[in-house]
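Sequential numbering of the sequence shown, starting at 1, is according to our numbering.
Heads up: the structure comes next, in structure tokens.
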Amino acid sequence: MRNLLEIKDLVVNYGPITALKGISLNVPKGSIVAILGANGGGKTTLLKKITGLKEAESGKVLFKGKNITKLSTEKITREGITLSPEGRQIFVDLTVEENLRIGAFKVKKDKIKVSQIFPGAINSRIKREIEKLRSSLSKEDLDNTEIKLTRNELMENNKERVYKYFPVLKERGNQIANTLSGGEQQMLAISRAMMANPELLILDEPSLGLAPLIIKSIFEIIKEFQKEGTTVLIVEQNALQTLKIADYAYVIQVGELILEGSAKDLMKDPKLVEAYLGD
């Protein structure tokens, strides 16, 4: 499996303090990779560097083999990376739907497979396009054929996609975001990031402050995103829940990688069990 994201010998400083001390890691395409560790270990700093919010002293960030180390956040987003930040950071004075539309502002793709178009997003123009193709293609070939959509059509399709996973957001579409529960706000933050249809979705502490049942539901949906083809990089303190859905994990402590391995192996690692999985 080829790497979608590669971090090579990354060093990041905050004034005289070195927050990341030569970090190297890989995120294979189609995988869920977890970064675990206590607060202050450097996890969020790493995400800030990947997404262009922090400069590095040295090292490289490669995405699909392209050096994006010095690109701006906007350009990195257009490359296909989106971040759902810690603390949600939704637009609390806007409605749910307005928040989602903002997330769709940086949609990159304009072609998608017929099988990926949700029924609720099929307008008369799209329907005519599909009917034209249907007359000359088998169902399998039709499903795998890509058609071009306008920006608004893509936005509507992506909106239907997130509503599929978070139907409560559809019910709350015209509701001001500040009136949502904590769990609903986290769903909105993740959905807003998914509206750009990213190749790499980065999640920073998605379980923070949520009830166990909500956490379980959100993590199950993250796994569904992976099944649809989205690669996920997740930073979490909730190690046990994260390792249940991850393929591979890294543990960061005081700016250094101290442990890495498959999620299954790390769940049995005595060091990790003692530090993060114990009672």
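Glycine included, each C-beta is placed from N, C-alpha and C at the ideal position.
What you are looking at is a predicted structure, and each value in this text was computed from that prediction instead of being measured.
Among the options, nearest to residue i - alpha-carbon criterion
{"i": "alanine 263", "options": "Ile218, Lys244, Ile252 and Glu129", "result": "Lys244"}
{"i": "lysine 75", "options": "Ile50, Asn157, Ser84 and Val11", "result": "Ile50"}
{"i": "glutamine 186", "options": "Val162, Leu4, Leu62 and Ala19", "result": "Val162"}
{"i": "leucine 233", "options": "Ile117, Asn26 and Ile215", "result": "Asn26"}
{"i": "alanine 19", "options": "Asn39, Arg78 and Val168", "result": "Asn39"}
{"i": "glycine 87", "options": "Gly183, Glu224 and Glu57", "result": "Gly183"}
{"i": "glycine 41", "options": "Ile222, Ala56 and Glu256", "result": "Glu256"}
{"i": "asparagine 144", "options": "Pro119, Lys132, Arg125 and Lys113", "result": "Lys113"}
{"i": "glycine 65", "options": "Pro28, Val33, Gly52 and Ile32", "result": "Pro28"}
{"i": "valine 61", "options": "Ile23, Ser124 and Val33", "result": "Ile23"}
{"i": "asparagine 125", "options": "Met267, Ile221, Tyr250 and Lys148", "result": "Before going on, a small fix: residue 125 reads as arginine here, not asparagine. It is Lys148 whose Cα lies nearest to the Cα of arginine 125."}
Separation of residue j from residue i, as counted between CA atoms
{"i": "glycine 261", "j": "serine 135", "result": "50 Å"}
{"i": "asparagine 67", "j": "asparagine 197", "result": "21 Å"}
{"i": "leucine 154", "j": "glycine 103", "result": "12 Å"}
{"i": "aspartate 269", "j": "isoleucine 130", "result": "52 Å"}
{"i": "glutamate 140", "j": "isoleucine 122", "result": "19 Å"}
{"i": "leucine 137", "j": "arginine 151", "result": "26 Å"}
{"i": "glutamate 171", "j": "isoleucine 17", "result": "47 Å"}
{"i": "asparagine 238", "j": "glutamate 228", "result": "24 Å"}
{"i": "threonine 45", "j": "lysine 54", "result": "7 Å"}
{"i": "aspartate 9", "j": "threonine 231", "result": "22 Å"}
{"i": "phenylalanine 63", "j": "threonine 77", "result": "11 Å"}
{"i": "leucine 4", "j": "glutamate 156", "result": "27 Å"}
{"i": "glutamate 224", "j": "serine 31", "result": "12 Å"}
{"i": "leucine 272", "j": "valine 33", "result": "16 Å"}
{"i": "valine 11", "j": "leucine 259", "result": "18 Å"}
{"i": "serine 181", "j": "isoleucine 221", "result": "18 Å"}
{"i": "valine 254", "j": "lysine 21", "result": "9 Å"}
{"i": "leucine 142", "j": "glutamine 175", "result": "38 Å"}
6 Å Cβ shell around residue i - same chain, five flanking residues per side excluded
{"i": "lysine 43", "result": "Ile35, Gly37, Val235 and Ile252"}
Buried versus exposed call for residue i [16 or more other C-beta atoms within 10 Å across all chains shown]
{"i": "tyrosine 248", "result": "buried"}
{"i": "tyrosine 14", "result": "exposed"}
{"i": "lysine 127", "result": "exposed"}
{"i": "serine 207", "result": "buried"}
{"i": "asparagine 99", "result": "buried"}
{"i": "isoleucine 7", "result": "buried"}
{"i": "glutamate 146", "result": "exposed"}
{"i": "lysine 159", "result": "buried"}
{"i": "lysine 70", "result": "exposed"}
{"i": "alanine 211", "result": "exposed"}
{"i": "leucine 213", "result": "exposed"}
{"i": "lysine 48", "result": "buried"}
{"i": "glycine 209", "result": "exposed"}
{"i": "glycine 52", "result": "buried"}
Per DSSP, cross-strand counterpart(s) of residue i
{"i": "threonine 242", "result": "Answer is none; threonine 242 lacks a bridge partner."}
{"i": "tyrosine 14", "result": "Ile17"}
{"i": "aspartate 280", "result": "Past the boundaries of the shown model lies residue 280; the chain is included only from 1 to 279, so the question cannot be answered."}
{"i": "glycine 261", "result": "Ala249"}
{"i": "alanine 34", "result": "Ile234 and Ala249"}
{"i": "leucine 71", "result": "DSSP output for leucine 71 lists no bridge partner at all."}
{"i": "threonine 51", "result": "Note: threonine 51 sits in no beta bridge, so no partner."}
Distance cut-off 7 Å: residue i Cβ against heavy atoms of the ligand ATP
{"i": "leucine 149", "result": "Because no ligand of any kind appears in the structure shown, any question about the ligand ATP cannot be addressed here."}
Contacts around residue i, its chain only, beta-carbon distance under 7 Å, and the 5 residues preceding and following it disregarded
{"i": "proline 85", "result": "Asp204"}
{"i": "alanine 193", "result": "Thr82, Leu83, Ser84, Gly103 and Leu201"}
{"i": "phenylalanine 166", "result": "Met187 and Ser191"}
{"i": "glycine 80", "result": "Lys108, Pro198, Glu199 and Leu200"}
{"i": "serine 58", "result": "Asp9 and Val11"}
Own chain residues within Cβ distance below 8 Å of residue i, not counting five before or after
{"i": "glycine 173", "result": "Thr95, Val96 and Glu97"}
{"i": "aspartate 279", "result": "The predicted position of aspartate 279 is uncertain, since its pLDDT is 43 and thus under 50; a value taken from the coordinates is nonetheless stated next. Nothing meets the Cβ criterion."}
{"i": "glutamine 241", "result": "Ser207, Ile215, Lys216 and Phe219"}
{"i": "phenylalanine 91", "result": "Glu98, Asn99, Ile102 and Ala177"}
{"i": "leucine 169", "result": "Val96, Leu100, Val162, Tyr163, Glu184, Met187, Leu188 and Ser191"}
{"i": "phenylalanine 118", "result": "Asn157, Glu160, Arg161 and Lys164"}
Closer than 8 Å to chain B by CB, residue i
{"i": "alanine 121", "result": "No chain B is present in this structure, which holds just one protein chain."}
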